[in-house]
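Just so you know, the protein sequences line up as chains A and S, in that order.
Following full-length UniProt numbering, the numbering of the first sequence begins with 1 at its first residue and continues without gaps.
Following full-length UniProt numbering, the numbering of the second sequence begins with 1 at its first residue and continues without gaps.
We put the beta carbon where it would ideally sit given N, CA and C, even for glycine.
Since we're looking at a predicted model, the values are computed, not measured.
There are 2 protein chains.
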Amino acid sequence: MPRAYADAVQLVEKEARRRRAAFMSNSETCSIFNACDRAISESIYSPISTPEFDTSAMDGFALSSVATHDASSGSPVTFEVKGTTTAGDEPHSTLDDPRDGVPPCVEIMTGAPFPVGEDGDQFDCCVPVEEVTLVQNKLSNRRYMTLSKPAQWRQHRRVAGGDFGQNDRIIEVGERINAQHIMAMASVGLTKIPVMRKPRVAIFSTGCELLSSQETSHRFMIHDANGPYLTTILTKYGADVDFRGIVHDNPTAMENALLEALDEEKYDIILTSGAVSAGRCDMVPGVIDSIGGRKVFHKVAVKPGHPLLFSVLQEETAAFFGLPGNPVAAAACLRFFVLPYLRSLQSQPPEQPHPARLQVPKSTRPVLSFRKDADIFRPAILSPCGQFVQIIEDHSPGKTKPFMHANCWVHIPSGVDQICDGAAVEIYPRDFV
Amino acid sequence: MPRAYADAVQLVEKEARRRRAAFMSNSETCSIFNACDRAISESIYSPISTPEFDTSAMDGFALSSVATHDASSGSPVTFEVKGTTTAGDEPHSTLDDPRDGVPPCVEIMTGAPFPVGEDGDQFDCCVPVEEVTLVQNKLSNRRYMTLSKPAQWRQHRRVAGGDFGQNDRIIEVGERINAQHIMAMASVGLTKIPVMRKPRVAIFSTGCELLSSQETSHRFMIHDANGPYLTTILTKYGADVDFRGIVHDNPTAMENALLEALDEEKYDIILTSGAVSAGRCDMVPGVIDSIGGRKVFHKVAVKPGHPLLFSVLQEETAAFFGLPGNPVAAAACLRFFVLPYLRSLQSQPPEQPHPARLQVPKSTRPVLSFRKDADIFRPAILSPCGQFVQIIEDHSPGKTKPFMHANCWVHIPSGVDQICDGAAVEIYPRDFV
């Protein structure tokens, strides 16, 4: 009796949790320029509040809004320009008394700090340069500025702490760093980012039928689609992947290949594809047994992918997944067993599916039927609006062409034997966020 | 009068088209293991049809279904097992006459080629091993197999050409290669993939206020968020990015920095952020003019991002984008001007927005207002179902914290001044597909 999917994936996550502490004890730092898509190894809180000081949002003049209250075109108000502050300058500091009763202002550029005045309101706001008239007194060489409408208190002033507060959380341990995290962390001055080391995965493709450049070949062999596909997805996920080549259906060769990988003592996961069912050539379960693997489960009630084998090869480190050989079955097992293992290993919560409405083509009857005894994962096409999903009809675990057109998976839980047009289903995007 | 967004982006795409032929003449090949996310440099058609030969979908026995038509539990039918074929073997070939009237069968494993018989139907189908009884004659050492129900014509047979047909298109010139393309190309035997060279981009951050490790600093400076963010997004997009550091607001320093980058004669795009508006410190437009740049436009009716400058520095190669300094404005200009340039350069069609329904929080009035004189790009949050989008209210081009929570942009075309709760809007995902 194969194991139910929900049970199997729980066992996968549990085994990953047993290795999590050891995995996470090896965190490292990387430059913020290379940190995108890495898993953060500790929650990050902003060390400062930003902006750290009040700055001008415009090019203009810092002045007291109170002094402008009576300004009008008939009765403009004049300020003496005491200096200029640009972004990157320290703030202008003036304690001058108003000369001849003319209040002071300071020319101030976007991003520049506000002047430090006698009190907090001596330069509370910025009047944009477009709204004033400038006059230079040729005798005294003093500059004056005139405006003809009142300014609002603190207008065009970006207040310190208006963006990040000190200790605001930016990202939580385990989260995958995205570009906006990069912007946020950079803006608060973080340049070396603590990240988990990349999970390390070894991949073998198995089968005498697989063409490999080292071997004599004949026209009844096939090309290996699994090695490149599994390597690509795991690399995109953020793993360090070694594709270790094709192994023939020969227990000794398989044993040697696995032992060689284990001897390097670096892999978190070793994967094979093919030779994992119960046929005469399916030597993977026996080989894993003979090299001392602890079997967690073999065969799961999922379609495609039921022959899946999950074992532990080294208690501290290396898990083993024996994926089926059919490319779409291998892809489903990678998506719904191996990635959950990696998520759990890195303290990431399980992926949540998205809801969508099943759309059945008009040409067929409006109900799709499924076998009830397995969880079914079917390649499907989500509409651009993200609302409707069509299951690809012409599918087979061995066919790569229909799978190429899919952009998501639909998950049909076991026990469901019919789904009507328009019913809610759960989908998982092709890639992963 | 700033230029309308639609006009501006057309000019951007037109300039990219002028450089497309030169850009695309430098394609290269890369291993299929590293080809994901690269832009393909020529349309790829399958060189073969797959499978190339008929194979078994099960472990079982290849035989003539006609010979089983009368089989029943009361009257089982017996076949002599003439041999075994596993995946990777050449097909069994037998021209033996049936011995003693006992028809022949061949043990055949999943993925193995069907036997070549006297005619096409001598071994048309496969009967799974679970459905037969095996008997060995100890005297003759011959093996026999008995089954007790009829088999269907061609059952469990994967027919040659059932997946890819020869010359089926896999991917079209310019498309970004995804993991499923990798699977498909691998399955038809492609190992070296023709890809465009990566676009090369130089990035400078400008501003005396930016802290840089080489400079003396004081507490009224800020951290550069644009360098790491722009580098990250462009790298994810598939560009080779050189962040060339921080340049102070000094025309000579800026000129030297740009000329040095141009002298390397390798960049498709040179980007700056900051100093591009009309203020006293905004020296970028003048510097681009003084080094002979051909201005295509300066200032666009978009919010954020209106100060954008787009010029051509070298007619054959280098385009220049002067992005605004506020991080969210720089991000919007990257997303809606620079990426369209790169798409056009690589023969990719313009990105199509996705539809979604605007969701206005219940606490506010059910209509959002916008200024009509610009195309507006607002960071927003798309619901997990992909159907509803909420515009982030507490936003500003200078604030990185609200932007961090966005997962998409909403585009509000100029001329629209109000949008009601539930109205259709166009969104662009945070990253890009």
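Determine the DSSP secondary structure at residue i, reduced to helix, strand or coil.
| i | result |
| --- | --- |
| A:L139 | coil |
| A:S396 | coil |
| S:K192 | strand |
| A:Q359 | coil |
| S:M145 | strand |
| S:D121 | coil |
| A:L230 | helix |
| A:A257 | helix |
| A:A423 | coil |
| S:V159 | coil |
| residue 491 of chain A | Examination of residue 491 of chain A is not possible in this model, given that chain A is present from 1 through 433 alone. |
| S:S187 | helix |
| A:P251 | helix |
| A:H354 | strand |
| A:P44 | It should be noted that the sequence gives Ile, not Pro, for residue 44 of chain A. It is a strand residue. |
| A:F388 | strand |
| A:H411 | strand |
| A:T55 | strand |
| A:P402 | helix |
| S:L211 | coil |
| S:R430 | coil |
| A:F23 | helix |
| S:V12 | helix |
| A:D7 | helix |
| A:V102 | strand |
| S:Q346 | coil |
| S:E264 | coil |
What does a CB cutoff of less than 7 Å around residue i pick up in its chain, not counting 5 residues either side in sequence?
| i | result |
| --- | --- |
| S:E42 | V173 and P194 |
| A:V12 | F310, F337, P340 and Y341 |
| A:C281 | D249 and A275 |
| A:H298 | P285 and L309 |
| A:A330 | N226, L230, S273, L323 and P324 |
Residue i: buried (16+ other C-beta within 10 angstroms of its C-beta) or exposed?
| i | result |
| --- | --- |
| A:S64 | buried |
| S:N326 | buried |
| S:K372 | exposed |
| S:T364 | exposed |
| residue 502 of chain A | Summary: the structure shown does not reach residue 502 of chain A, with chain A confined to residues 1 through 433, and so no result is reported for it. |
| S:M420 | In the sequence on display, residue 420 of chain S carries Cys and not Met. Per the 10 Å Cβ criterion, exposed. |
| A:M1 | exposed |
| S:S72 | exposed |
| S:L134 | exposed |
| A:K303 | buried |
| S:P91 | buried |
| A:N137 | exposed |
| S:K362 | exposed |
| S:R244 | buried |
| A:H218 | exposed |
Apart from the five residues on each side of it in sequence, which residues of its chain come closer than 6 Å, Cβ to Cβ, to residue i?
| i | result |
| --- | --- |
| S:P355 | A424 |
| A:I391 | R378, A380 and V410 |
| S:Q348 | G174 |
| A:V159 | D54 |
| S:V129 | D59 and G60 |
| A:D375 | Y5, V302, P413 and S414 |
In chain order, what residues of the same chain have a beta carbon less than 8 Å from the beta carbon of residue i, not counting five sequence neighbours either side?
| i | result |
| --- | --- |
| S:Q122 | S64, P104 and P115 |
| A:P251 | M283, G286, V287 and S290 |
| S:L259 | I291 |
| S:K149 | T68, A71, S72, S73 and E131 |
| A:V433 | At A:V433, the pLDDT of 45 sits below 50, so the modelled position is not reliable; the number obtained from the coordinates is stated separately. Cβ within range, chain order: R176. |
Under 8 Å: do the stretch 422 to 431 of chain A and the stretch 281 to 299 of chain S share three or more Cβ pairs, one atom per stretch?
no
Which ranges would you report for the alpha helix (DSSP H) in the stretch 271 to 343 of chain A if only whole runs of at least 4 residues count?
284 to 290 and 327 to 333
Just to confirm the assignment: which complete alpha helix (DSSP H) runs, minimum length 4, are found wholly within the stretch 57 to 91 of chain A?
none
At least three beta-carbon pairs within less than 8 Å, the stretch 196 to 208 of chain A to the stretch 260 to 278 of chain A
yes
Would you call the stretch 233 to 240 of chain A and the stretch 294 to 313 of chain A touching, i.e. three or more CB-CB distances under 8 Å?
no
So, does the stretch 101 to 109 of chain S touch the stretch 50 to 63 of chain S, judging by three or more C-beta pairs under 8 Å?
As far as the Cβ criterion goes, the stretch 101 to 109 of chain S touches the stretch 50 to 63 of chain S, which means the pair count is three or higher.
Using 8 Å as the threshold, is the stretch 74 to 86 of chain A in touch with the stretch 141 to 161 of chain A, meaning 3 or more CB pairs across them?
Contact annotation: the stretch 74 to 86 of chain A touches the stretch 141 to 161 of chain A, with at least three C-beta pairs closer than 8 Å.
When you compare the stretch 152 to 168 of chain A with the stretch 37 to 54 of chain A, are there three or more beta-carbon pairs, one atom per stretch, that lie closer than 8 Å?
yes
Do the stretch 172 to 191 of chain A and the stretch 29 to 42 of chain A touch if we need at least three Cβ pairs shorter than 8 Å?
Because the criterion of three Cβ pairs below 8 Å is met, the stretch 172 to 191 of chain A and the stretch 29 to 42 of chain A touch.
Could you tell me whether the stretch 218 to 235 of chain A touches the stretch 180 to 199 of chain S, where touching means 3 or more Cβ pairs closer than 8 Å?
yes
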